[in-house]
Every structure is written in C-alpha cells, then in structure tokens.
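Notes follow the structure.
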Amino acid sequence: MISLDRASLRYGPILGLSPTTFELPDGGGITGLLGPNGAGKSSLLQLLSGLLPPSGGEVRIFGEAPFRNPAVLARLGLVPEGDRLPTGLRADRWLRMMGELAGLSGEALRAATAQALETVGMADRAHLTFARMSKGMRQRIRLAQALMHGPELLILDEPFNGLDPEARLNLMALLRDLAGQGTRILVSSHILGEIAQLTDRILLLFRGRLLAEGSVTEIRQLLDRHPVELRLTGEAQALARWAVEQPELAALRMEEGSIVISVRSPRDILPRLQKAAAQGGIPLRALDPLDLNLDAVFQYLTKDHA
Amino acid sequence: MPLIAFENLEVRYPATPVPALKGLSLRLERGIVGLLGPNGSGKSTLLKALLGLLTPSRGSGTVLGVPLGGAEAARLRARIGYMPEYDALIEDASAYEQVAFWGELSGLAPEAARDRAHEVLYFVGLDEARYRPVSGYSTGMRQRVKLAQALVHSPELIFLDEPTNGLDPDGRRRMLDLVLRVHAELGTGVILASHLLGDVERVADQLVILDQGQIKAAGSMAGLRKALARRVELRFLDPLDAAQEAALAELGAVLEARNGLYDLELTEADPTATFRWAEAQGLTLIQLTPRHDRLDEVLLRALHPQPAGA
Amino acid sequence: MPIYAPTLPPAPDLSLGQPPALVLMRFDFARLWRQKIGRFFGFAFLFLLLWKVARIYIDFLLQTNQTFKPMQQWANAILTQGAAFQADLLNPASYLLWFLVALVGGGLVARDTLYRVRPLMYAHPVAPKDYLLAKLGFASALPFGILLPFALLPWAMSLVLAGAHGPVWVTAPLRLLPAMAISSLLMGSLAVGASSMAATPRAGIGWVLGLVLGAGTLASMIHGLTGLKAIDGLNPVMLAEAWPQLLVGVDKPLVAWVPALLGTAFHIGLWTWVAARRTRPSEAVI
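The following block contains the structure:
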C-alpha cells in the first residue's frame, strides 16, 4: 500500500528525512510512527499525505506518487497536527465544506457526513460551533473530516496531544474499530505508552532516519546486543539454584520473592524453563520479561545509534 | 501530619451559583499523588484553594497543617511550589536570573536566592545553559527551569501540572526520574496532575480522580489497582494461529487479546497447569503475570460507575 | 572525613527576603539595565542637563564679569529669572520624557501578560497590590529619577556660585520636588494602565503613546471648538508641564489649579483602576 524508495525530504538546508526505504503491506491494521521531537515524523507524514514532494527518491501510495495527485489523495484521509479550527463555525457546516472539497455533493455528501459523524459518535453534537466544543470533541470532528470520503489509508499526526485520559481512550477504541473494518491507519506520537496501548507494529524514526520497523517483539529479538531481562517470581533460592545451571545466564539479581536473570538467547532458555515449571521442578509462579516493551526497545535503539 | 486533609470542602467562585468543588473529603499522606481528571474537572480550582487564592465557602481543610481560609493561608504559598502547565518563563532573562527571582519572591534573601538558584539548577541538570536567556531553550530545558523555579525555596509540597508536556520519550523519562528524586531525596510532597496515565502509573503512590468538582476515587495506588483473582496475562514467543487461539480458551475464558498479549481468566489458580498446557501445545510462554487493574480501568470505573449487579 | 551527599542542602530561611514589591521593581530595573535602551536617552538627557547648568554659569559670568557688562541688557532679556524660569528647569524636552516612559513603561505589565508569569507570581506570596505597587512605583520612579538632577543640579550650582541671589531660588526644590512627584505619578499610572491593556510589550508602547497623544488631541480639539480652556486638564502632556508652573507660581500656567487637580486625579485614578482590574488573579487563569 505504501512504499518508499530512498525518499528524502529537505526544507532548504534543513533535514527533514534522510533517504528512507520501507514498505507497508495492504490490509487493515494500525502502525505507530514513533520518534523523539525532530526525528522526522511530520516530514514522513507530509510526504505520505502528498503535501510535499520528496527531495529525492520515490514515494508511492497505491502504486502512485501522492504529491498533487487527486487519484491518490481521494483514497487517503489526513488528520493533521494541532487544534486550529475556525472557532465561530458550526462543525457540520465545516464538514460539509470539507466534503465538497473532497468531491462529494448532494445526497452523497449528506449521507457521508451523517455516516462519519455516526462513526465518531458526534451525530447529536455536530450543530455546535468549534468554540463550544472540548478538545476531545474537536478531535473527533477532525477525524470525521478525514473519514468522510471513505479512505483506505488514514494518517493521523499526534492525534492524542492535549486530550484528557478518557478522550484518549475513546479515540483509541475508535481507531481500533476502524482498523478492524479494514482501514490502514498510521498514527504518529512521541508518547510511547499511547502507541503501545494501540498497536504492536511500529516505525521508529530517529534523527531523520528509519531505525526499525516491525512488531515490538520482533524488534526486541533483533537487538541481541542487549540480553533479555526476565523476572521469575517464586521461591527465590530455588529459582536461583536452577538459573545458575543454565549456560545462557549472563547475570542474576536476587529480589524479594523473585529473581531477575539476564539471558542472551531467550529462545534457548525459555523452553527449558517452561518444561521445568510444567513438571513442577521449579516453583515458578510468574514470568515477566522486563524489557520486552516499547520503552525498553526505544531506549536501546536510540542509545545504540546515539 | 498529612499533606492535605479536607473535610466536606466546598469552594465557589464569586457570583456563580454552582460551587466548583462540591464537598471534598480527602486525606493525602506525604508522597507522590497523581491527580487525574478531565479538563474542567476542578483541578485548577483545587490548586487555587491550596494556594489560598480562593477561600472555602463551606467545610474545612488543612494543607501542611495550615487551615485554609485562615489568617495564615497566604503564608502557605511560600511553602508550596508550583510548576504551571504552560510556559510561564521570563523569556528575556536567563534561567539563573529568573530562578533566583522566584526564590526572592518566596521570601529568600537576595544572596541566599542566588546560591540556591545555582543549586537547584544543578539538581535539575541544567549546567552551562543557565546563563543564556531561556528563549533559546529546548522544551526539555524549559520544563527543567519550570521545575527548578518550583523547588528553589525548598517547599514542602510541589504541584506539578503536566510536567512532561511536549517532551519526547527520553525527556519524559528524565523528567519523571527527577520527580521521583524530588520526593526521595528532598522529602517534598508532590501532587502531579497529568493527562498521561503512564506518567502517573510510573511515579505516583497515591491517586485522586476528580470529576465535575467531586472526588470519584482516592487512595493509595496499590489499594486502587487491586490484583484480579485468577486473571493472568500471557504472551508467547511466537504469534499464535487461529487454532492455537481457540485452544487457549480451554484454559479459561480469554477476555481480551491485544498486540500479542492475552488477558485470561484461568479455571484454577496454580500457574503450573498453564505451563503444562503450553508445553502440550508446543508453544513457549515468555510472559505469565498476575493481572492487576490497569490505571485506565480504574479511571473509567471511577468516572462511569456501573450500577451494582450490572 | 565526611562525605557530603550530592543533593540539595537543608531548607534556607524564608523570612529574610525583601518585600515582594521591591523584588519586582529590582527585577524590572535589572531588565532595563540589560536592555541598554538607556544609551540614547542618557545622552539626550545629559545634553539637556548640561545646557541647563551651563545657562546658570553663563548667567553668573554675565552678572559678575565687567567685560560682559554691555551684554547684560541682552542677556537679561533671554534669561528670565522669574517663576517661569524655575518651572522651566523641569521641562527637559517633555516629549522626550514621555517617549521614554512609553518605551519602558509600555512593556512593564504587557511583558508579564505575554510570558504568562503573573499567575505564577500570585502563586507566590505576592498580593495583587504588591504587583501594582511595584509596577506603578517603577514607572513613576523612572521619570522622577531623570528629573531629579534637573531640579537639583542647577539649584546647587546657583547656590554655590551666587549664594542666595542666584538665578535659581533657594527654595526652588521645595516647590519643584512635589511637582515632579505628581507629574511622575501621572506618567507612571498612565503607562501602567496602558500597558495592562496590551498583549505584548510593543503593543504596550503603542497603547501608552496612543493614550497620551489621543487624550491630548481630544482635549485640544474640544478646547479649540468650544473655547473651554479648562478641558486642557485632561491633556496629560500639558498636566505634566503645568504642575511645576502651578507650584512655583507662574502668572499664566498652562492649566489652572482646579482643572489640573481634577484632571490629574482623574487620570491617576482611572489608569490605576484599569491596571488593578486587568491584573487581578482571577483574570489570569492558573
């Protein structure tokens, strides 16, 4: 669906995105676009949504270059960053205008507006002006705008910024629903927890470069420079006695009622651990991989490349 | 002495019929308190009441042992530090100058304020940049200046409003580490208002959920995030196929599967059976942890209480 | 050998600080110093001051030195030594002073509004009246400080050179200092009131100039149309010039006593009230 071939973006002398190559396959699903401030997230989204042409290389969406290409743009929806809307305008009128810009008219426009408002749960409140809406409500209207023409690809730039926790959770649920119905969604955020809650598939950008792409578990397993930390809960002495016998053990730390082991190759040790626990050989009550999360993966990746 | 103790505290703005805080009863111990609530839930009213800018219209409250609305309430402000959500920085002054200035406004002598400004700027990790005007600072540095400003007079309680706003993952981690250090090393009580549940989960030991001027839930984090009996979260080394997912239901009810993590209600409490099942299926478990309430569940439950039995 | 923990030392004493209004004024003064806008004005006012002092000296030479005798008739014509001369000591290019007040005072409150630091100030032990006092104090102390050498140096010079019979009255400071205080307060309150209505320091400068010139023009127009002289009491520029004249006892002051009193009270009252309202804690959402 999306493919970049050494696509780069520069704003005059300023680097937005270094030459980047990757592909996202067809089909629904959510991909999180992660990176520190200034990593190139917005640059990548600007390329993908056809707002800017690449300075070099190629960007293809649905097999075509998106820049100034209505055929592509009609099939993607964009929710840009920020919360700037004409305050005095009624939301439904703004949506009608945006729908007309997308080429809808008449009955089709009315139906699309109603459908989009229904999807974001704002059907009964669309007659309010933007000034009278909360940030969460405005964010929903902005999402409705991107959904009106039934896009196959939905791009959201920092959609959770400034939302309170409940509005955040609602928006996440909404995005999950859309993805379940077959829309491919690309969400950028600099808050790892949000992405971790939303999806497992990430694109990680750092200093204008693509650092990693894939699921958190896959990426973590590729990072074999860093031993995996596992917390084994149970009777600590007995667990430690078992652990020191294992050839993969790199480090061992005792804690209250648990031990933390660092192992180089979890694929070798985990089956043996499971077997021992299944046979009742060790008193294992819980198994917790401490650094198999987005935070740890992000930190390892950015530290390795710093 | 509790950090905060309210007894049926009601606060209203002049000339408004509905009170902004409707009878809060609350007792918080010295620690790190996470304050959650939608926009307009009464967080800033609570802060203004704590600072003695609004007097309670009914009920009573003490902050750091000082009664609100009394003669001493204005002096309370010298004992509280406040880090606002927005950039309240004097752009044309250096970090050092303005931190010293805020210290003096809290009652430090000029010389003491300057020494103290240097000390807190080292504490928050701002080195040579402190002599440059803050207008050239990055977001992370600006947040540090705001934190230094709140700490300069060594308050007994600091109120942090969205301290990680606009920070990237690294900056966020460092800011939260600082918050933990403020409490651990300086013994300062912390109230942390944040929209990010992850922040609160990471640092807070107590939690208050505020909505529409009322307390929806309050207490220690451990007490609110109860362990759920016979509920575990499972993750496997390799993704499951449909048949294996179906087989998982034999173990108990699969309540939720997300991003390769399965939330499971087991039929028996002993996890040995689960390991045995995985062994039989030819799967390798990489995670098997007892399931606790997640903070988002606590929050949603507090904001939308289900009627009993539903 | 002890090991000192790399953390903050114990809490410092919070009771030794200076009053908040003084701290605020010192900070504003430090900023003025840093901004270096003083250079131009420093030269301009110094030049004016030298001219005033030089006139005293020339007068002294003319009166005492026989060689200059023929010039005395002519000199007496230009060097009036009556009340008007005394009042004129305090008129160091009135517009230049107003411009300085606008340039510095216009940003006083507006800068805090722009940077949104006022709510944070009120979260410290600073009361709104401390804030207002500091800003009014600073905006008034500035013109007062500039006028001070104009009142005192020529007087001291005249006293030293010619004793009690010099061109400047021995009692002049007793009349000039209160006049300066009133004019300065008028300037300060106008600047602070105007600045409190602006959202940025630059807009604040515009507001001050607009208010001063606007009120002046309006008063002049009404004066011109109706012939009502008393309306000049609303003209801030004329008021500031009139007070030294009134207190020194000039024959025909720019504004008479009653309109001057009413107009000054009106301006100081109105603009202080405006500034107080615009800097209330509730105005700034925490």
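Protein chains in written order, with my numbering: chain Y, 569 to 874; chain A, -11 to 298; chain E, -11 to 274.
Where is the CB? At the ideal position from N, CA and C, for every residue including glycine.
Chain Y contact residues for residue i, given Cβ-Cβ distances below 8 Å
i              : result
A318 (chain A) : Since the first and last residues shown for chain A are -11 and 298, residue 318 (chain A) lies out of range.
D158 (chain A) : P604, Q867 and T870
Cutoff 7 Å; reference residue i; Cβ partners in own chain excluding five residues on either side
i              : result
R265 (chain E) : none
G91 (chain A)  : A101, R104, A105, V140 and H141
K31 (chain A)  : L23, G25, A181 and L198
W810 (chain Y) : A844 and I850
A676 (chain Y) : none
S589 (chain Y) : Residue identity check: residue 589 (chain Y) is Thr in the sequence provided, not Ser. Result list for T589 (chain Y): L572, D573 and R574, in chain order.
Cut-off 8 Å between Cβ atoms - residues of its own chain near residue i, not counting five sequence neighbours on either side
i               : result
G5 (chain E)    : V11
G597 (chain Y)  : A747, R752, I753, T767 and R769
P44 (chain A)   : L(-3), E(-2), V(-1), A37, L56 and G57
A(-1) (chain E) : none
L273 (chain A)  : L222, R223, F224, L225, T262, F263 and A266
Under 7 Å from the C-beta of residue i: neighbouring residues of chain A
i              : result
A169 (chain E) : Under the 7 Å cutoff, chain A gives no residues; its nearest Cβ is about 28 Å from A169 (chain E).
R664 (chain Y) : Going along chain A, no residue has its Cβ under 7 Å from R664 (chain Y), so there is no contact; the nearest lies around 28 Å.
D732 (chain Y) : P26, N27 and H183
T785 (chain Y) : G248
P621 (chain Y) : Simply none; closest approach about 28 Å.
F15 (chain E)  : F89
Contact set for residue i: own chain, Cβ-Cβ below 6 Å, skip 5 residues either direction
i               : result
G297 (chain A)  : Interpretation of G297 (chain A) is limited by its pLDDT of 45, a score under 50 that renders its predicted location unreliable; the figure taken from the coordinates is listed afterwards. So no residue of the chain qualifies.
L862 (chain Y)  : L760, A764 and V784
L283 (chain A)  : L185 and E189
G159 (chain A)  : G128
E271 (chain E)  : Residue placement at E271 (chain E) is poorly supported in this model, since its pLDDT is 44, which falls under 50; the coordinates still yield a value, given next. Closer than 6 Å at Cβ, skipping near neighbours: no residue.
V865 (chain Y)  : V784, I787 and R788
I274 (chain E)  : Confidence is the limiting factor: at I274 (chain E) the pLDDT is only 46, short of 50, which leaves the residue's position unreliable and the question unanswerable from this model.
I(-8) (chain A) : L16 and V51
Contacts of residue i in chain A (Cβ-Cβ under 9 Å)
i              : result
K703 (chain Y) : N27
R835 (chain Y) : L225 and T272
P795 (chain Y) : Those do not exist, as P795 (chain Y) stays about 14 Å from chain A at its closest Cβ, beyond 9 Å.
Closest Cα partner of residue i within the set the options
i               : options                           : result
I44 (chain E)   : E:L149, E:F31 and E:K123          : E:L149
A735 (chain Y)  : Y:G704, Y:A714, Y:N729 and Y:L724 : Y:G704
F(-6) (chain A) : A:G248, A:T277 and A:L52          : A:L52
L34 (chain A)   : A:A257, A:Q200 and A:Q131         : A:Q200
P131 (chain E)  : E:N79, E:A42 and E:G204           : E:N79
D76 (chain E)   : E:V236, E:L199, E:L250 and E:G251 : E:V236
R799 (chain Y)  : Y:I629, Y:L858 and Y:R658         : Y:L858
E649 (chain Y)  : Y:L869, Y:E726, Y:A679 and Y:L731 : Y:E726
P247 (chain E)  : E:R190, E:Q233, E:K217 and E:I193 : E:K217
With 16 other Cβ atoms within 10 Å as the buried cut-off, status of residue i
i              : result
P166 (chain E) : exposed
F126 (chain E) : buried
G624 (chain Y) : exposed
G221 (chain E) : buried
M209 (chain E) : exposed
V200 (chain E) : buried
W195 (chain E) : buried
G825 (chain Y) : exposed
H112 (chain E) : buried
E173 (chain A) : exposed
Chain-ordered chain E contacts of residue i [CB-CB under 7 Å]
i              : result
R104 (chain A) : P0
G95 (chain A)  : L2, S3, G5 and P113
Chain Y contact residues for residue i, given Cβ-Cβ distances below 7 Å
i             : result
G22 (chain A) : Those within 7 Å of G22 (chain A) in chain Y number zero; the least Cβ separation is about 11 Å.
Check your understanding: Which residues, in order along the stretch 271 to 287 of chain A, keep a beta-carbon less than 7 Å from a beta-carbon of chain Y?
Key -> T272, L273, I274, Q275, L276, T277, P278, D284 and L287
Check your understanding: Closer than 7 Å, Cβ to any Cβ of chain E: which residues of the stretch 31 to 48 of chain A, in chain order?
Key -> S32, L35, K36, L39 and L41
Exercise for review: Scan the stretch 757 to 777 of chain Y for residues whose Cβ lies nearer than 9 Å to a Cβ of chain C and list them as they occur along the chain.
Suggested key: In the structure shown, chain C does not exist; the protein chains are Y, A and E.
Practice item. Quick one: which residues of the stretch 847 to 859 of chain Y get their C-beta closer than 9 Å to a C-beta of chain A? List them in chain order. Key: For the stretch 847 to 859 of chain Y, which is checked against every Cβ of chain A, the residues closer than 9 Å are Q847, G848, L852, R853, A854, L855, D856 and P857.
Practice item. Residues of the stretch 132 to 161 of chain A with a CB closer than 7 Å to any CB of chain E: list them in chain order, please. Key: H141 and S142
Review point. Listed from N- to C-terminal order along the chain, which residues in the stretch 246 to 262 of chain A have their beta-carbon within a distance smaller than 7 Å of any beta-carbon of chain Y?
Key: N247, G248, P259 and T260
Exercise for review: Report the residues of the stretch 624 to 657 of chain Y with a CB closer than 9 Å to any CB of chain A, ordered along the chain.
Suggested key: none
**Study point:** Cβ-based contacts, 8 Å cut-off: residues of the stretch 81 to 93 of chain A near chain E
**Key:** A81, E85, F89, W90, E92 and L93
Exercise for review: Can you give me, in chain order, the residues of the stretch 196 to 219 of chain A that have a beta carbon less than 8 Å from any beta carbon in chain Y?
Suggested key: none
Point to revise | Residues of the stretch 103 to 114 of chain E with Cβ closer than 8 Å to any Cβ of chain A, in chain order | key: Y103, R104, V105, P107, L108, M109, Y110, A111, H112, P113 and V114
Practice item. Check each residue of the stretch 27 to 56 of chain E: if its Cβ is closer than 9 Å to any Cβ of chain A, include it; give the result in chain order. Key: none
Check your understanding: At a Cβ cut of 7 Å, what residues of the stretch 230 to 246 of chain A count as close to chain Y, listed as they run along the chain?
Key -> For the stretch 230 to 246 of chain A, which is checked against every Cβ of chain Y, not one residue is closer than 7 Å.
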